[in-house]
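Numbering (this note's numbering), first residue to last: 1 to 100.
Cβ coordinates follow ideal geometry from the N, Cα and C atoms, glycine included.
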């Protein structure tokens with residue numbers, strides 16, 4: 001989903017809601033000390049997806065925020081978050097009410 005506007009829209013929504021914006025790939029790169037392409041090349045997709053899932057769970061434990069996720073989250077972490085009551089729809093808040 002590169003270039004789809006996740007970060008642009010996410011920052012706008014976060015600003016309207018008055019909550020932090022988190023780019024999951026940037027958090028992974030910061031904590032891991034490598035870029036996403038480097039992690040893929042050095043450790044493989046499965047290792048990256050595991051990092052991505054762990055980081056998503058960590059972010060979801062923090063205060064409410066808007067999170068820009070990569071494509072693998074929908075397969076791995078999105079269902080886990082939905083079960084915990086978090087919205088995975090960028091147009092809805094935690095309560096499920098429309099945003100904006």
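What residue does the alpha helix (DSSP H) around residue 66 start on, and which one ends it? The count along the chain shown starts at 1 and reaches residue 66 at position 66. Not the alpha helix (DSSP H): residue 66 falls in the beta strand (DSSP E), residues 66-68.
If you follow the beta strand (DSSP E) that residue 22 is in, where does it begin and where does it stop? Numbered from its first residue, the chain shown carries residue 22 at position 22. Its beta strand (DSSP E) spans residues 21-23.
Which residues in the same chain as residue 35 place their Cβ atom closer than 8 Å to its Cβ, once the five residues preceding and following it in sequence are excluded? By 1-based counting over the chain shown, the position of residue 35 is 35. Within the same chain, residue 35 has close Cβ partners 29.
Thinking C-beta only, is residue 56 closer than 8 Å to residue 69? Your numbering for residue 69 matches position 69 in the chain shown. Your numbering for residue 56 matches position 56 in the chain shown. Yes, they are a contact pair.
Please determine, among 53, 8, 13 and 5, the residue with the shortest C-alpha to C-alpha distance to residue 64. On the chain shown, position 64 is the one that residue 64 refers to. It is 13.
Beta-carbon gap between residue 27 and residue 59 smaller than 8 Å: Position 27 of the chain shown holds residue 27. Position 59 of the chain shown holds residue 59. Closer than 8 Å, so yes.
If you drop the 5 nearest sequence neighbours on each side, which residues of the same chain put their C-beta closer than 7 Å to that of residue 21? If you number the chain shown from 1, residue 21 lands on position 21. By the criterion of a C-beta distance shorter than 7 Å, residue 21 is surrounded in its chain by 10, 11, 14, 65 and 66, once the five residues flanking it on both sides are discounted.
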